[in-house]
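Residue numbers (this note's numbering), protein chains in the order written: chain A, 2 to 116; chain Y, -18 to 95.
Glycine included, C-beta positions come from ideal geometry on N, C-alpha and C.
Quantities reported herein were computed from a predicted structural model and do not represent experimental measurements.
Each remark here refers to the structure printed beneath this line.
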Amino acid sequence: DTGVSQDPRHKITKRGQNVTFRCDPISEHNRLYWYRQTLGQGPEFLTYFQNEAQLEKSRLLSDRFSAERPKGSFSTLEIQRTEQGDSAMYLCASSLWDRDYNEQFFGPGTRLTVL
Amino acid sequence: DQQVKQNSPSLSVQEGRISILNCDYTNSMFDYFLWYKKYPAEGPTFLISISSIKDKNEDGRFTVFLNKSAKHLSLHIVPSQPGDSAVYFCAASDAQGGSEKLVFGKGTKLTVNP
Chain A
2 DTGVSQDPRH
12 KITKRGQNVT
22 FRCDPISEHN
32 RLYWYRQTLG
42 QGPEFLTYFQ
52 NEAQLEKSRL
62 LSDRFSAERP
72 KGSFSTLEIQ
82 RTEQGDSAMY
92 LCASSLWDRD
102 YNEQFFGPGT
112 RLTVL
Chain Y
-18 DQQVKQNSPS
-8 LSVQEGRISI
2 LNCDYTNSMF
12 DYFLWYKKYP
22 AEGPTFLISI
32 SSIKDKNEDG
42 RFTVFLNKSA
52 KHLSLHIVPS
62 QPGDSAVYFC
72 AASDAQGGSE
82 KLVFGKGTKL
92 TVNP
């Protein structure tokens, strides 16, 4: 399968614990994005990378959230001291930025439940 | 403030008929628009896109129309099939402005009845 993959698919944690999610983009894609989706809403942008550089961060990304893409390939999203409001589907997407308009292709998501 | 609006939470059509899903936006800087389909427990799947220099783009059974003056776009599916039943999201970005972030609507749940 050459699509975007995410691990784990599901994560249940207790409030106050730290969690880390991984995203592997489509291999030739140089841009990687993180979104969050809650029930009844569309995905909301969190941050994106071009290669290893983090180019934009949303105000939704509080200081408890950190994302990295150390070698310009896979990315991790860490949430420290989780809160119940962090429960959501975390989606990763990637694109090949080579022209003005570029489609983003999404992975299956990681569903986080904070108890 | 919701910059991308899908005012119909749900739509039901008969197999073989046309499905029309609508989307309105408020940010005049948006210049790239995409439609995604989402099944439960899966990530969104890219369907079709259109840039602001066009007013129509067609791909098989899917056609997207863009009316810039009205800040409105629509997705037409002809003919509709039961496998098209899913939640459809409209998304927009200010691509020429250098922002790659997509702003999504809340989605429209399409049900195609056999």
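Exercise. If you count every other CB in all the chains shown that lies within 10 Å of the CB of Asp12(Y), and 16 or more means buried, which is it?
Worked result: buried
Exercise. Chain A partners of Ser32(Y), CB-CB under 7 Å?
Worked result: Tyr102
Exercise. Using a C-beta cutoff of 8 Å, does Glu81(Y) count as contacting chain A?
Worked result: It does: the Cβ of Glu81(Y) has a partner Cβ on chain A nearer than 8 Å.
Exercise. If you check the beta carbons only, do Phe43(Y) and Ile29(Y) fall under 8 Å apart?
Worked result: yes
For this session: Would you kindly check if the distance between the Cβ of Phe22(A) and the Cβ of Gln42(A) is under 8 Å?
Result: no
Exercise. Based on the DSSP secondary-structure assignment, which residues constitute the bridge partners of Asp(-18)(Y)?
Worked result: By DSSP's assignment, Asp(-18)(Y) forms no beta bridge with any residue.
Exercise. Excluding sequence positions up to five away, which residues of its chain have a Cβ less than 8 Å from the Cβ of Lys170(A)?
Worked result: Examination of residue 170(A) is not possible in this model, given that chain A is present from 2 through 116 alone.
Exercise. Under a CB-based cut-off of 8 Å, is Gly24(Y) close to chain A?
Worked result: Judged by the 8 Å Cβ criterion, Gly24(Y) is in contact with chain A.
Problem set entry | CB of Gln38(A) within 8 Å of CB of Ala94(A), strictly | no
Problem set entry | Where Gly73(A) meets chain Y, residues with beta-carbon distance less than 8 Å | Chain Y residues near Gly73(A): none, gap ~16 Å exceeds 8 Å.
For this session: Below 8 Å on the Cβ atoms is my guess for Ser33(Y) versus Lys49(Y); work out the distance and round it to an integer in Å.
Result: Separation of the CB atoms of Ser33(Y) and Lys49(Y) is rounded to 6 Å, and the pair is thereby assigned contact status at 8 Å.
Exercise. Taking the C-alpha atoms as reference points, what is the distance between Leu78(A) and Asn38(Y)?
Worked result: Distance from the CA atom of Leu78(A) to the CA atom of Asn38(Y), rounded to whole angstroms, is 35 Å.
Problem set entry | Coarse secondary structure for Asp65(Y), derived from DSSP in three states | helix
For this session: Quickly, what does DSSP pair His57(Y) with across the bridge? List them, please.
Result: Looking at the DSSP output, His57(Y) shares a beta bridge with Ile1(Y), Thr44(Y).
Exercise. For Glu29(A), which residues of its own chain have a beta-carbon under 8 Å away from its beta-carbon, when the five flanking residues on both sides are left out?
Worked result: Leu97
Exercise. Cα separation between Lys82(Y) and Lys90(Y)?
Worked result: 23 Å
Problem set entry | chain Y contact for Phe22(A) (CB, 8 Å cutoff) | no
Exercise. Excluding sequence positions up to five away, which residues of its chain have a Cβ less than 6 Å from the Cβ of Arg(-2)(Y)?
Worked result: Ser61
Problem set entry | Pairwise C-alpha distance: Pro95(Y) and Phe50(A) | 43 Å
Exercise. At which residues does the beta strand (DSSP E) containing Tyr5(A) begin and terminate?
Worked result: Checking the sequence, you will find Val at residue 5(A) rather than Tyr. Where Val5(A) is concerned, there is no enclosing beta strand (DSSP E), given that its DSSP letter is neither H nor E.
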